[in-house]
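Just add 907 to the spot in the sequence shown (first one is 1) and you have our numbering.
Below: the structure, in structure tokens.
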Amino acid sequence: MHPVDDRETATPSPELKTSPLHERHLALGAKLAEFGGWLMPLEYTGVLKEHNAVRDSVGVFDVSHLGKAVVRGPGAAAYVNACLSNDLGKIQPGKAQYTLCCDDASGGIVDDLIAYLHGDDHVFLIPNAANTAEVVRRLEADAPDGVTVDNQHDDFAILAVQGTHSDEVLEAIGLPTGHDYMSFTEAAYAGSSVIVCRTGYTGERGYELVAPNEVAVELWDALMRAGEPYAITPAGLGARDTLRTEMGYPLHGQDISLDVTPNQARLGWAVGWKKEAFWGRDALLAEKESGARRLLRGLVATGRGIPRPGMRVLLTPDFAVGAVTSGTFSPSLKKGVGLALISADVTEGAEVSVDVRGRPEVFTVTKPPFVTPGVRES
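What follows is the structure in structure tokens.
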């Protein structure tokens, strides 16, 4: 993220897209930042307060910058299943699935995304903002006759209601709750249809709402009113980053990329290894057989050090074994945590040093999540 201007930012750069809720963010005094070609809230009242609100009560994020694409037509689900990594055949309509779009030649990760399975002829995809056009391009290029791939990036808003009181907030405005983790339902709201999915990027119980742009402001306002008894807090991308880092969730462009495979990112659980076809299958099976040379690992500080992307990870003062890909101060643990791509020879429990601005700081290699998740609680 690259902060731009200050809290008084009112006129976005013409090349940056804005959310349907842009005016609401300005009215709340949001500090804005460029993210994936969009001008989005980085924070409102401070990352720490917003982070803690999600962990302790409830927060709401505008994540309308996320991509939206629809694959339709006879055999649409089978086609998507032959392209993306995870196995759509393992879920039923009404379920969502974390999956990967990999490069067919190298197995590198083009993007990670959520697939909503509506039926055999309808799959809704949520890629990352900056990668939406490329994911759509690749799917369009191989699409069989009768299957269409429609980029709907600018047609929908996405609001993430996250935290232990998310159910109460949604119920107060008449939206359904209580369905299983990674499942979704469609509900009528203000004359439109809203998708309510039990997903999120924070590790807490919560929902993501996909709504047509024309009802986005009304939906935001209703959520804010309904959440007042629970001290609902608008949260920006700064808190989203600290929350997801505490969970060890990877971010495309930092922890995963075309240069990183699912094997290296330890995302093999999102690969349908028994499928006959998916992009990158041959390269990934070969790497799985031989063993990845590096792995994405978690780091927890033993002292006061805060890891940041790009910092070297050292086994000895003269022997680097990798680099930090994501790092932050954990508001929940009150210490530094991060993710790093490091040599596969370095195992969990090992102590390493991170070069924090020329000063070696000791970290323990740890398997995320770094905090206890509430996401699967009933």
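No residue lacks a Cβ here, since even glycine has one placed at the ideal position from N, Cα and C.
Every value quoted in this text rests on a predicted model; they were computed, and no experiment measured them.
Linking alanine 1133 to glutamate 1078 through their CA atoms gives a straight-line distance of about 9 Å. Under DSSP, serine 1099 forms a beta bridge with Tyr1096. For valine 1076 and serine 1013, the gap between their C-alpha atoms comes out near 44 Å.
Taking one beta carbon from each stretch, the stretch 951-960 and the stretch 977-988 have fewer than 3 pairs nearer than 8 Å; the two do not touch. Per DSSP, glutamate 1135 has no beta-bridge partner at all.
Annotation: histidine 958 to lysine 1241 spans about 12 Å, alpha carbon to alpha carbon. Under DSSP, the beta-bridge partners assigned to glycine 1243 are Phe1236. Excluding residues up to 5 positions away in sequence, Asn993, Ile998, Ala1022 lie with their Cβ nearer than 6 Å to the Cβ of glutamine 1004 in the same chain. In the DSSP assignment, methionine 947 forms a beta bridge with Ala940. At the C-beta level, alanine 960 and threonine 1140 come within 8 Å of one another. In this structure, the beta-carbon distance from phenylalanine 968 to arginine 1112 does not fall below 8 Å. Just measuring C-alpha positions, the residue of Asp1028, Ala1050, Val1124, Ser1073 sitting nearest arginine 962 is Ser1073. Excluding residues up to 5 positions away in sequence, Val961, Gln1069, Leu1150 lie with their Cβ nearer than 6 Å to the Cβ of threonine 1109 in the same chain.
Per the C-alpha coordinates, the member of Ser1250, Lys1182, Met1131, Arg1204 positioned closest to arginine 931 is Met1131. Secondary structure within the stretch 1015-1052: the beta strand (DSSP E) runs of 3 or more consecutive residues, fully enclosed, are 1016-1026, 1029-1033 (chain order). Looking at Ile1016, Lys938, Leu973, the one whose alpha-carbon comes closest to that of glycine 1160 is Ile1016. Contact between aspartate 1262 and arginine 1219 holds: CB atoms are separated by about 4 Å, below the 8 Å threshold. Looking at the backbone, the Cα of valine 1043 and that of glycine 1081 are separated by about 34 Å. By alpha-carbon distance to glycine 943, the top candidate from Leu928, Ser964, Pro927, Ser971 is Ser971. By a beta-carbon distance limit of 8 Å, proline 1275 does not contact glycine 1229. Their separation comes to about 16 Å. Under the DSSP assignment, lysine 1182 falls outside any alpha helix (DSSP H); it carries neither an H nor an E label. In the DSSP assignment, asparagine 1120 falls outside any beta strand (DSSP E), carrying neither H nor E. If you compare the alpha carbons of Val1117, Glu1258, Val1278 with that of glutamine 1059, the shortest gap goes to Val1117. Taking 8 Å as the upper bound for CB-CB distance, proline 927 and alanine 1064 are in contact here, some 5 Å apart. Each residue's CA atom was taken as its position, placing valine 1269 and tyrosine 1156 some 22 Å apart. Remark: C-beta atoms of glycine 1026 and threonine 1092 do not approach each other more closely than 8 Å. Counting along the chain, serine 1073 sits inside no beta strand (DSSP E); it lies in the alpha helix (DSSP H) bounded by residues 1073-1079. Membership of asparagine 959 in the alpha helix (DSSP H) is indicated by the continuous run 954-963. For the pair lysine 938 and serine 964, the Cα-to-Cα distance works out to about 23 Å. In this structure, glutamate 1255 lies away from valine 1278, with their beta-carbon atoms at least 8 Å apart.
Leaving aside the five residues that flank tyrosine 1096 on each side, none in its chain has a CB nearer than 6 Å to its CB. Here glutamate 1255 carries a coil assignment [DSSP, helix/strand/coil]. Burial check for phenylalanine 1226: the Cβ neighbour count within 10 Å stays below 16, so the residue is exposed. For glutamate 1268, the enclosing beta strand (DSSP E) has its first and last residue at 1266-1273. Assigned with DSSP and collapsed to three states, glutamate 1153 falls in helix.
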